[in-house]
RNA sequence: GUCCCCUUCGUCUAGUGGCCUAGGACGUCGGCCUCUCACGCCGAAAACACGGGUUCGAGUCCCGUAGGGGGCACCA
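Numbering (my numbering), first residue to last: 25 to 495.
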């Protein structure tokens, strides 16, 4: 059975690049009917916090990436890691090294000067423990293979070969007895039964070091798949100003999780010309081998476009709930049952006009705002003598309407325009200004209908009676 | 410095030797629709990094160059 995993280190939030890695692992596991596991790489105690771990859980949940079983804490497994290091020591595949940090720094400097890769030279590899200096806690290093080379068949990168002269005797266990990342990943992946390691490109060369551990332990090496990293819009490494934010930041910017998922999926993976891909469809189609080899740049415009699509497709009740959540923070908004009702009724027209939930909420304010309205500059301009004349005329016509339906409202406004030989815009714009306080809104019949007779007439009356100040 | 990886429109990509006069999407520009704004629809400009091979034929295979990215920690 296929087993994949996502192994983030909890350093604040679920990074957007990490989210993509998680998504790919999730998709591959689900595609194969296998398992998707979550492991928190919290061995760095300085940087790991409970809040950060909670942020990862929350981010995964928001994206709909559920994992099988309980999340595993790498820190909790430190005894097991030490045990493996001990085994390696006993089998003669590892040894104690008493080098000081200064000594190692010198070594690196000298190597670079000679044009060699800056590797540990293995000076304690064959030395007898009796030569150990007093008072120095040793580290345990792996006795890596010196000759030959290792070739892997990466599911994404293809055949990659690295000579063993590029791999030194890396530290497995620190002098304080804690495991290094290299040891921990290998032990954990093995113990968790991971069959496919799908991770960022930045681990490609590390893989060859890790394979040394697998070999020394006599363990099976999982399939490897190294996906290209995400870059900023300038092609450089993704940084904060490029959008290297936590997924919750995207949620707060008004993105829908399905939009982010779809966008992340198409970044480095494709299925012919398909652009809009549902979770179900993605699960069916996803193959690791189809992931591209080149790094992709993060493009906010495309994400935004996708988000607009998913908003339009989204259920009105769900959108209303999201909008209510944002509107709750607005002081001039009172979220009465009446307002919620209007929001829901107006949502079909509203959602065509928004690319994110923030914008949607802003546009939705016309249905939740309390009378009397305030008018923006352009609206005021429309409500001049002529405009107010139209408002007054329409107010009385609408007041006489026997039924308040979109059809009767439209008929009333259209005939008014025809009778006066006016372009319809001459009627609609002043009405819009009086009803919404702005010059932009959904279709005017929809606004009138959703607002209802009483509220509509009251708002029109407000406009007629408003104090125009110095004007 | 050294090793590894990458390179098709501005961006994400299709493309696995002839179906490519290089396709789609976002963005941009123009138009249509229209009560505003959107949505939708139609159309346009826009790319095989460069140089050598291999082949009847190369975006597709090989080599080199350039550019970009990553690794080389008692970080993960």
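Glycine included, each C-beta is placed from N, C-alpha and C at the ideal position.
Burial state of residue 494, where buried means 16 or more other Cβ atoms lie within 10 Å = For the purposes of this step, residue 494 is taken as the residue at position 470 of the first chain. Because residue 494 carries a pLDDT of 41, less than 50, the predicted location of this residue cannot be relied on, and the following value inherits that uncertainty. Classification for residue 494: exposed.
ask   = Taking the DSSP output, what are the residues bridged to residue 216?
value = By one-based count along the first chain, residue 216 stands at place 192. DSSP, once it has assigned bridges, lists no residue as partnering residue 216.
query = How many Å lie between residue 107 and residue 73 at the Cα?
reply = Taking the first chain and counting its residues from 1, the one referred to as residue 107 is at position 83. Taking the first chain and counting its residues from 1, the one referred to as residue 73 is at position 49. A direct Cα-to-Cα measurement between residue 107 and residue 73 gives close to 26 Å.
request  = Assign residue 120 to one of three DSSP states: helix, strand, or coil.
outcome  = Walking along the first chain from the start, residue 120 turns up at place 96. In the structure shown, residue 120 sits in a strand (DSSP, three-state: E or B).
ask   = What runs of the alpha helix (DSSP H), each 4 residues or longer, lie entirely inside the region 176 to 200?
value = none
message = I'd like the span of the beta strand (DSSP E) that includes residue 40, first residue to last.
response = Position 16 of the first chain, counting from 1, holds the residue named residue 40. No beta strand (DSSP E) contains residue 40, which is instead part of the alpha helix (DSSP H) from 40 to 56.
message = Suppose the cutoff is 6 Å on Cβ atoms and the five residues either side in sequence are ignored; what does the same chain contact list for residue 366 look like?
response = For the purposes of this step, residue 366 is taken as the residue at position 342 of the first chain. Same-chain partners within the cutoff: 391 and 474.
ask   = Between residue 388 and residue 374, is the Cβ-Cβ spacing less than 7 Å?
value = Indexing the first chain from 1 puts residue 388 at position 364. Indexing the first chain from 1 puts residue 374 at position 350. For residue 388 and residue 374, yes; Cβs fall inside 7 Å.
ask   = Tell me which same chain residues have a C-beta within less than 7 Å of the C-beta of residue 177, skipping the five on either side of it?
value = Here residue 177 refers to the residue found at position 153 when the first chain is read from its first residue. For residue 177, where only same-chain residues beyond five positions count, the Cβ hits under 7 Å are 183.
ask   = So residue 105 is in the alpha helix (DSSP H); what residue range does that whole segment cover?
value = Taking the first chain and counting its residues from 1, the one referred to as residue 105 is at position 81. The continuous alpha helix (DSSP H) containing residue 105 extends over residues 102 to 114.
request  = Kindly indicate which three-state DSSP category residue 91 falls into: helix, strand or coil?
outcome  = As a working mapping, residue 91 is identified with position 67 in the first chain. Three-state DSSP puts residue 91 in coil, outside helix and strand.
query = Leaving out the 5 sequence neighbours to the left and right, which residues in its chain are closer than 8 Å to residue 481 when beta-carbon positions are compared?
reply = For this step, residue 481 is matched to residue 457 along the first chain. 419, 422 and 423.
Three-state secondary structure (DSSP) of residue 358 = What you label residue 358 is simply residue 334 of the first chain in a count that begins at 1. Reduced to three states, the DSSP call for residue 358 is coil.
task = Quick one: measure Cβ to Cβ for residue 233 and residue 191, integer angstroms, because I've assumed they're closer than 8 Å.
result = Counting from one through the first chain, the residue named residue 233 turns up at place 209. Counting from one through the first chain, the residue named residue 191 turns up at place 167. Confirmed, Cβ separation roughly 6 Å.
request  = Identify the continuous alpha helix (DSSP H) that holds residue 333 and give its terminal residues.
outcome  = Here the question's residue 333 lines up with position 309 in the first chain. Residues 324 to 337.
key: Pairwise C-alpha distance: residue 361 and residue 499   = The question about residue 499 has no answer, for the chain in this structure spans 25 to 495.
request  = Would you kindly work out how many angstroms separate the C-alpha atoms of residue 345 and residue 129, rounded to a whole number?
outcome  = Reading the first chain from its first residue, position 321 is the one you call residue 345. Reading the first chain from its first residue, position 105 is the one you call residue 129. C-alpha separation (whole angstroms): 58 Å.
key: Buried or exposed by the 16-neighbour rule on C-beta atoms within 10 Å, applied to residue 278   = Locating residue 278 in the first chain gives position 254, where the first residue counts as 1. The C-beta of residue 278 has 16 or more other C-beta atoms within 10 Å across all chains shown, which makes the residue buried.
request  = Count the CB pairs spanning the region 56 to 68 and the region 211 to 218 that are closer than 8 Å, and state whether there are at least three.
outcome  = yes
inquiry  = Between which residues of its own chain and residue 319 is the CB-CB distance below 6 Å, once the five residues before and five after are set aside?
reply    = The sequence position of residue 319 within the first chain is 295, counting from 1. Around residue 319: 252, 253 and 255.
query = Cα-Cα, which of 226, 26, 461 and 96 is closest to residue 405?
reply = The sequence position of residue 405 within the first chain is 381, counting from 1. Out of 226, 26, 461 and 96, 461 has the C-alpha closest to the C-alpha of residue 405.
request  = Could you work out which residue in 135, 44, 127 and 378 is closest to residue 148 when comparing CA atoms only?
outcome  = Against the first chain, residue 148 aligns to sequence position 124. The shortest Cα separation from residue 148 among 135, 44, 127 and 378 belongs to 127.
ask   = What residue does the alpha helix (DSSP H) around residue 438 start on, and which one ends it?
value = Counting from 1 along the first chain, the entry for residue 438 is found at position 414. Bounds of the alpha helix (DSSP H) holding residue 438 are 430 to 443.
request  = Name, in chain order, the residues that DSSP records as bridge partners for residue 203.
outcome  = Position 179 of the first chain, counted from the first residue, corresponds to residue 203. The partner list for residue 203 (beta bridge, DSSP) reads 197.
query = So residue 166 packs on residue 135, CB below 8 Å; how close in whole Å?
reply = Translated into the one-based positions of the first chain, residue 166 becomes position 142. Translated into the one-based positions of the first chain, residue 135 becomes position 111. In fact, because the Cβ distance is near 19 Å, the residues do not count as touching under 8 Å.
ask   = Starting from residue 59 and walking both ways along the beta strand (DSSP E), at which residues does that stretch end?
value = Taking the first residue of the first chain as 1, we reach residue 59 at position 35. Looking at the DSSP string, the run of the beta strand (DSSP E) that includes residue 59 is 59 to 64.
key: Run of the alpha helix (DSSP H) containing residue 415, from where it starts to where it stops   = Here residue 415 is taken as the residue at index 391 of the first chain, counted from 1. Per DSSP, residue 415 belongs to the alpha helix (DSSP H) from 409 to 423.
query = Can you name the residues that DSSP bridges to residue 97?
reply = The residue you call residue 97 lines up with position 73 of the first chain. The partner list for residue 97 (beta bridge, DSSP) reads 64.
task = Using beta-carbon positions only, say whether residue 340 and residue 283 come within less than 7 Å of one another.
result = As a working note, residue 340 is residue 316 in the first chain. As a working note, residue 283 is residue 259 in the first chain. No.
ask   = For residue 250, which three-state DSSP category applies?
value = Counting from 1 along the first chain, the entry for residue 250 is found at position 226. Strand.
ask   = When burial is assigned at 16 or more other CB atoms within 10 Å of the CB, is residue 395 buried or exposed?
value = Along the first chain, one-based indexing puts residue 395 at 371. Label assigned to residue 395: exposed.
inquiry  = Short of 7 Å in beta carbon distance, which residues of its chain neighbour residue 436, apart from the five on each side in sequence? Order them along the chain.
reply    = Here residue 436 refers to the residue found at position 412 when the first chain is read from its first residue. Only 421, 422 and 425 meet the Cβ criterion.
inquiry  = What would DSSP say about residue 461, mapped onto helix, strand or coil?
reply    = Stepping through the first chain from its first residue, residue 461 is reached at position 437. Coil at residue 461, not helix or strand.
request  = Please list, in chain order, all residues of the same chain as residue 199 whose beta carbon is under 7 Å from its beta carbon, the five residues on each side excluded.
outcome  = For the purposes of this step, residue 199 is taken as the residue at position 175 of the first chain. Closer than 7 Å at Cβ, skipping near neighbours: 161, 162 and 163.
ask   = Could you give the residue range of the alpha helix (DSSP H) that holds residue 164?
value = Counting from one through the first chain, the residue named residue 164 turns up at place 140. No alpha helix (DSSP H) holds residue 164; the beta strand (DSSP E) holding it covers 163 to 166.
Element boundaries [beta strand (DSSP E), containing residue 28] = The residue given as residue 28 occupies position 4 in the first chain. It spans 27 to 30 - the beta strand (DSSP E) in which residue 28 sits, taken as one unbroken run.
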